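In my numbering, the protein residues as written are 875 to 1230.
In this text, a Cβ means the ideal position worked out from N, Cα and C, and glycines have one as well.
If you're wondering where the values come from, they're calculated on a predicted model, not measured in any experiment.
Encoded as structure tokens, the structure appears first; notes follow it.
This is the structure we're talking about:
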């Protein structure tokens, strides 16, 4: 029986972290249960809305600012689950409840986390997922724990990272035998108003390291428009799906990345990382990873030399990898898919599969 899940991530002309996270969940869910039909509500100017294999309802603004349209979509689709990612308003949550949908909210910033712990929201949510490991996002505070006991509403869980199902076939076809030493991932390809760092700077580092003899793959997000010429040591992959990106990271010796989800995904995969913040919420997260021994964060002028030094010294990479292994961070996707299976009524099928 076809089941509908509605994904409502923050979206717009720049940034794509929330979309990438929800797309990964949709891909994993459909891989497990092909009858599930995900739908997305996205800003009409979001570059990643083009070519998405799931139905998209385009909005004039980000979903939080489009309550009438979001509520109308919920009422028309009557989904079994509505997944809000850093987006949503109280009336939208109530609309989801009115059609008897399960409601999941993901927060990855302090402001959105605070919103989700308001008493009126706790009573409307089934699950509040806090993106990133507890060591990065910060443990539950006294008032957060008190509210959870008092409200008896949403259950809260930290998500270390969510990895889309590996798509090695796409990566093998795209690389055609090219074995990357360094994978460079600056994010969706757009700049941010609260940071002077740009994706183009990442591209220059990637090209310089390739000229120096390293095999480099640069991942260009949907907003990245700078033309890049490939060489014997330099490959450019554009608009990778989440599963292909995970497969590419798995193949890398070293990852040069911004401070968003991909940093933590690479760490969960056990990869040594050099991290450079590209948005205002990232410096603190990167600093915490450095303090935990999970990444290096050189000054921008030292990024090229740091990457070159690591690639020339297998012992230094091994030390980083050993430090990462002690963190105990895991892929949260199996837990998330198990929860969605329960909400969609597939638990009994899962039990039969396990028994057979």
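Starting from residue i, trace the beta strand (DSSP E) in both directions and tell me its first and last residue.
| i | result |
| --- | --- |
| residue 940 | From DSSP, residue 940 is part of no beta strand (DSSP E); its letter is neither H nor E. |
| residue 1174 | Counting along the chain, residue 1174 falls outside any beta strand (DSSP E), and DSSP gives it neither H nor E. |
| residue 836 | Residue 836 lies beyond the residue range present for the chain, which begins at 875 and ends at 1230; the question has no answer from this structure. |
| residue 1146 | 1146-1149 |
| residue 1056 | 1056-1059 |
Measuring CA to CA, which of the options is closest to residue i?
| i | options | result |
| --- | --- | --- |
| residue 1116 | 1059, 1086, 1151 | 1059 |
| residue 1208 | 1109, 975, 900, 1121 | 900 |
| residue 1056 | 1164, 1146, 1159 | 1146 |
| residue 1167 | 1188, 1140, 1185, 1200 | 1200 |
| residue 970 | 1019, 916, 881 | 881 |
| residue 1150 | 1196, 915, 1071 | 1071 |
| residue 1215 | 1158, 1093, 887, 976 | 976 |
| residue 1205 | 1213, 1122, 1080, 1143 | 1143 |
| residue 954 | 939, 963, 972 | 972 |
| residue 1034 | 993, 912, 1134, 1054 | 1134 |
| residue 946 | 931, 960, 1164, 936 | 931 |
| residue 1032 | 1049, 1003, 1023 | 1003 |
| residue 877 | 913, 1045, 1130 | 913 |
| residue 929 | 919, 936, 915, 921 | 915 |
| residue 1140 | 1106, 1195, 1008, 958 | 1195 |
| residue 1153 | 1020, 1012, 983, 883 | 983 |
| residue 895 | 1156, 957, 1021 | 957 |
| residue 966 | 939, 1019, 1132, 1081 | 939 |
| residue 1103 | 1155, 1078, 937 | 1078 |
| residue 1187 | 1127, 1155, 995 | 1127 |
| residue 1203 | 1010, 988, 1081 | 1010 |
| residue 1113 | 1130, 1101, 1093 | 1093 |
| residue 1162 | 1006, 999, 1049 | 1006 |
| residue 1049 | 1185, 1213, 1107, 1019 | 1107 |
For residue i, which residues of its own chain have a beta-carbon under 8 Å away from its beta-carbon, when the five flanking residues on both sides are left out?
| i | result |
| --- | --- |
| residue 1182 | 1083, 1086, 1088 |
| residue 1038 | 897, 898, 901, 902, 1115, 1116, 1117, 1119, 1120, 1207 |
| residue 1017 | 991 |
| residue 1238 | Coverage of the chain is limited to positions 875 through 1230, which leaves residue 1238 absent and any answer about it impossible. |
| residue 1179 | 1172 |
To which residues of the same chain is residue i closer than 7 Å at the C-beta, ignoring the five residues directly before and after it?
| i | result |
| --- | --- |
| residue 1220 | 907 |
| residue 997 | 1025, 1027 |
| residue 943 | 933 |
| residue 1217 | 954, 955, 976 |
| residue 949 | 969, 973 |
| residue 926 | 914 |
| residue 1042 | 1121 |
| residue 918 | 932, 933, 934 |
| residue 1105 | 1084 |
| residue 1021 | 991, 993, 996 |
| residue 963 | 938, 941 |
| residue 1155 | 983 |
Note down, in chain order, each residue of its chain lying with its Cβ closer than 6 Å to the Cβ of residue i, except the 5 sequence neighbours on either side.
| i | result |
| --- | --- |
| residue 1029 | 1001 |
| residue 1171 | 1149, 1160, 1164 |
| residue 1109 | 1052, 1091 |
| residue 986 | 960 |
| residue 1076 | 1058, 1060 |
| residue 1045 | 1118, 1121, 1122 |
| residue 952 | 973 |
| residue 890 | 922, 1062 |
Kindly identify the DSSP beta-bridge partner or partners of residue i.
| i | result |
| --- | --- |
| residue 883 | 959 |
| residue 930 | 914 |
| residue 877 | 910 |
Just to confirm the assignment, what range does the alpha helix (DSSP H) spanning residue i have?
| i | result |
| --- | --- |
| residue 1218 | 1207-1218 |
| residue 1194 | 1188-1199 |
| residue 903 | 891-906 |
| residue 1159 | 1156-1165 |
Any alpha helix (DSSP H) of 4 or more consecutive residues that is wholly inside the region 970-1046:
At a cut-off of 4 residues, the continuous stretches assigned as alpha helix (DSSP H) that sit fully inside the region 970-1046 are 984-990, 993-996, 1008-1011, 1016-1025.
Only counting runs of 4 or more residues, tell me where the alpha helix (DSSP H) segments fall wholly within the region 1068-1141, in order along the chain.
Listed in chain order, the complete alpha helix (DSSP H) runs (minimum 4 residues) inside the region 1068-1141 are 1073-1085, 1116-1125.
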